[in-house]
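Structure first, commentary second.
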């Protein structure tokens, strides 16, 4: 999530990001909320300072026996507290609205990233590892055909249980999958001081929001126990 300070200090960059990514968020409203919220926080700090001064004054008046003046100071303190409570309630309301709206903002793309309608407009920046390619036989057998011929990939069963493009790896195909996973784990343990972690597969809404996934990508997630477009709480679970 973009920080409110970044949005406040770089509104033009954020506005360009919204236009580039065709995201409909009212940036002017975000800036208005932030400005009002900061004004309220400054006023709140002043009210707390004044209330602390009155509290000290009450103590001094009581020690000096000035009960009437002390009662008047107590009344002023109560008025300041009521004003502060009202101000803080409004500040909390703005804070919630601001946090929710900031979560809708997209990340700012790199200024050199080309803008296009779809992946066909991507620009190739660099190519690595293609200088020493061997000559390929003609015709080349695609991996999916080769996998089925060797009976190590089963696309038909994969499509039945999951849909097009999924497959079952079986026999030596499954062994190869496991071997690749184990190879990478051992590589990172030995060379990169990697600590194995096996996280829980369901995570709560608060965690999804903390990683920048919600609410922007809620429709792409897999919810447990409810429809994606139903209201959700911080404790509701989603598949990692």
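Residue numbers (my numbering): 1067 to 1306. We treat Cβ as the ideally placed atom computed from N, Cα and C, and that holds for glycine.
In this structure, 1093 is the residue among 1245, 1117, 1078, 1093 with its C-alpha nearest to the C-alpha of residue 1166. Residues 1220, 1221 of the same chain have their beta carbon placed closer than 8 Å to that of residue 1214, with the five preceding and five following residues left out of the count. Close CB contacts of residue 1300 within its chain, under the 7 Å cut and outside five residues either way in sequence, are with 1270, 1271, 1272 (chain order). Taking 7 Å as the cut-off, the beta carbon of residue 1157 is found closer than this to the beta carbon of residue 1106. Residue pairing of residue 1289 in beta bridges, as defined by DSSP: 1304. Taking the Cα of residue 1080 as reference, the smallest distance to any Cα among 1168, 1127, 1135 is reached at 1168. The residue among 1086, 1237, 1296 with its C-alpha nearest the C-alpha of residue 1184 is 1086. In the three-state scheme derived from DSSP, where H, G and I count as helix and E and B as strand, residue 1269 is classed as strand. Contact between residue 1187 and residue 1177 is absent: CB atoms are separated by about 17 Å, not below the 8 Å threshold. Residue environment analysis places residue 1189 among the exposed positions, since fewer than 16 neighbouring C-beta atoms fall within 10 angstroms of its C-beta. Just so you know, the alpha carbons of residue 1232 and residue 1281 end up roughly 28 Å apart.
Residue 1148 sits exposed, since fewer than 16 C-beta atoms from the chains shown fall within 10 Å of its C-beta. DSSP places residue 1072 in the uninterrupted alpha helix (DSSP H) bounded by 1070 to 1075.
Counting C-beta atoms within 10 angstroms of its own C-beta, residue 1073 has 16 or more neighbours from the protein chains shown and is therefore classed as buried.
Counting C-beta pairs with one atom in each stretch, the segment 1109 to 1129 and the segment 1139 to 1154 have three or more that are closer than 8 Å, which means they touch. The C-alpha of residue 1217 is placed about 12 Å away from the C-alpha of residue 1223. If you look at residue 1221, you'll find it in the alpha helix (DSSP H) that goes 1221 to 1228.
Nearest Cα to residue 1170 within the set 1088, 1075, 1255: 1088.
Exclusion of the five residues before and after residue 1115 leaves no residue of its chain whose Cβ lies closer than 7 Å to its Cβ. Scanning 1068, 1306, 1227, 1262 for the CA closest to the CA of residue 1268 turns up 1306.
When the beta-carbon positions are compared, residue 1103 and residue 1160 come within less than 7 Å of each other. Between the alpha carbons of residue 1303 and residue 1067 lies a distance of about 21 Å.
By the neighbour-count definition (other C-beta atoms within 10 Å, threshold 16), residue 1274 is a buried residue. Under the DSSP definition of a beta bridge, residue 1249 lacks any partner. For residue 1097, the enclosing alpha helix (DSSP H) stretches over residues 1093 to 1129.
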